[in-house]
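For the sequence shown, counting from 1, position 62 maps to 489 in the working numbering; every step adds exactly one.
All C-beta atoms, glycine included, are put in the ideal place defined by N, C-alpha and C.
Just so it is clear, the structure is predicted and the values come from calculations on it, not from any experiment.
Notes to accompany the following structure.
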Amino acid sequence: MSEISGTSFTLGTAFRPETVDEGAVHAMVSVLDAQDAAPSIERLRAWALAAGDVRRGDTCVDIGSGTGTMTRRLARLAGPDARVLGIEPNGMLRKVAEERCASHGVEVEFCQGLATELPLPDASVDVVWCERVLQHVPDAQAAVVEIARVLRPGGRALLLDSDHASRVESDIDPAVGRAMLDAFMSQIANPMAARHLPRQAMTAGLHVDPDVGSSALVFPQDVLMGSHMSRLAAEQAVSDGTLTQAQADEALRSQAAAAEAGWAFSAITVFGFVCRKD
Numbered sequence: 428m429s430e431i432s433g434t435s436f437t438l439g440t441a442f443r444p445e446t447v448d449e450g451a452v453h454a455m456v457s458v459l460d461a462q463d464a465a466p467s468i469e470r471l472r473a474w475a476l477a478a479g480d481v482r483r484g485d486t487c488v489d490i491g492s493g494t495g496t497m498t499r500r501l502a503r504l505a506g507p508d509a510r511v512l513g514i515e516p517n518g519m520l521r522k523v524a525e526e527r528c529a530s531h532g533v534e535v536e537f538c539q540g541l542a543t544e545l546p547l548p549d550a551s552v553d554v555v556w557c558e559r560v561l562q563h564v565p566d567a568q569a570a571v572v573e574i575a576r577v578l579r580p581g582g583r584a585l586l587l588d589s590d591h592a593s594r595v596e597s598d599i600d601p602a603v604g605r606a607m608l609d610a611f612m613s614q615i616a617n618p619m620a621a622r623h624l625p626r627q628a629m630t631a632g633l634h635v636d637p638d639v640g641s642s643a644l645v646f647p648q649d650v651l652m653g654s655h656m657s658r659l660a661a662e663q664a665v666s667d668g669t670l671t672q673a674q675a676d677e678a679l680r681s682q683a684a685a686a687e688a689g690w691a692f693s694a695i696t697v698f699g700f701v702c703r704k705d
């Protein structure tokens, strides 16, 4: 994730529609690719796809489709005659997704759109996939209402999102780690997105399956050795006045040293919900 250095990629601008600087986009793609490669994310995705029973011929929508990884996967499951649409508000990420789909020989549609303003008619979709998007949406309830609106009766919304308050960290003083986490979460629109999803889905008229999936996104040692996200969080905490520069520097040194030794541990929990429309 070294590509983040020297770019406009910050905690507050990450994964926003207007963040289109070439370096920042490269950083966002690097983050998404690293998370795509995480075994824990693959386990949660496989669980959600099986629990949501994606079928041949289903009309599928991937909200916040990013680089198109899950859009392509939905297209393979739904088959060549199904409509699969990726909705992505960041034009540069959408371009990456289109290029990758072309290189994989997968034909899907991509369009600009927001989770709170889906460019789709009522009751037109069988499956909605929305993964780690609502954490970036200030009005997540409005987005879930939109998801319910576009689902057909019998449709399924597969909603996967993080709860950043679940983060655990080794080799950083707990009080310092909490200050860094608070600084990180202050820059994210909806940092505890996952815990609110059952209420939001039910308020929107959806039924939530009682079996909830979860998986810890564990950061690899090579990422923690020089984690720019940790650096950004530490810098934000110093800016907020909750840490001194010396405390921030020591936390980053401790994390890097533990990662070099091979025993650093840093993870957040991602939860998956299957929500159904009558």
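Output the distance between the C-alpha atoms of residue i and residue j, rounded to the nearest integer angstrom.
i: residue 501; j: residue 668; result: 45 Å
i: residue 693; j: residue 439; result: 21 Å
i: residue 461; j: residue 687; result: 19 Å
i: residue 557; j: residue 536; result: 16 Å
i: residue 654; j: residue 683; result: 8 Å
i: residue 544; j: residue 576; result: 11 Å
i: residue 643; j: residue 660; result: 20 Å
i: residue 691; j: residue 646; result: 9 Å
i: residue 503; j: residue 517; result: 24 Å
i: residue 430; j: residue 450; result: Any reading at residue 430 is ruled out, since the residue's pLDDT is 41, under 50, leaving its predicted position unreliable.
i: residue 633; j: residue 586; result: 12 Å
i: residue 509; j: residue 580; result: 18 Å
i: residue 595; j: residue 532; result: 40 Å
i: residue 444; j: residue 593; result: 27 Å
i: residue 572; j: residue 704; result: 12 Å
i: residue 568; j: residue 696; result: 21 Å
i: residue 409; j: residue 582; result: Residue numbering for the chain in the displayed model covers 428 to 705; residue 409 lies beyond these limits and cannot be assessed.
i: residue 476; j: residue 674; result: 43 Å
i: residue 638; j: residue 700; result: 8 Å
i: residue 522; j: residue 609; result: 33 Å
i: residue 548; j: residue 574; result: 11 Å
Which first and last residues belong to the alpha helix (DSSP H) in which residue i is found?
i: residue 467; result: 466-479
i: residue 447; result: Looking at the DSSP string, residue 447 is not in any alpha helix (DSSP H), and its letter there is neither H nor E.
i: residue 518; result: 518-531
i: residue 504; result: 496-505
Is the beta carbon of residue i sitting closer than 7 Å to the one on residue j?
i: residue 588; j: residue 485; result: no
i: residue 494; j: residue 454; result: no
i: residue 599; j: residue 664; result: no
i: residue 487; j: residue 505; result: yes
i: residue 635; j: residue 702; result: yes
i: residue 570; j: residue 542; result: yes
i: residue 498; j: residue 463; result: no
i: residue 468; j: residue 560; result: no
i: residue 649; j: residue 621; result: no
i: residue 513; j: residue 492; result: yes
i: residue 564; j: residue 631; result: no
i: residue 613; j: residue 698; result: no
What span of residues does the beta strand (DSSP E) with residue i cover, start to end?
i: residue 573; result: Unbroken run through residue 573 is the alpha helix (DSSP H), 567-577; no beta strand (DSSP E).
i: residue 703; result: 693-703
i: residue 677; result: Segment 672-688 is the alpha helix (DSSP H) holding residue 677; no beta strand (DSSP E) there.
i: residue 536; result: 536-538
i: residue 490; result: 487-490
i: residue 512; result: 511-514
i: residue 544; result: Careful: residue 544 lies outside any beta strand (DSSP E) and carries neither H nor E.
Assuming residue i and residue j make a contact with CB atoms under 8 Å, what is their CB distance in whole Å?
i: residue 606; j: residue 670; result: 5 Å
i: residue 519; j: residue 447; result: 5 Å
i: residue 562; j: residue 618; result: 6 Å
*Scan the stretch 602-656 and note each continuous beta strand (DSSP E) run of 3 residues or more that stays entirely inside, going in chain order.*
640-645
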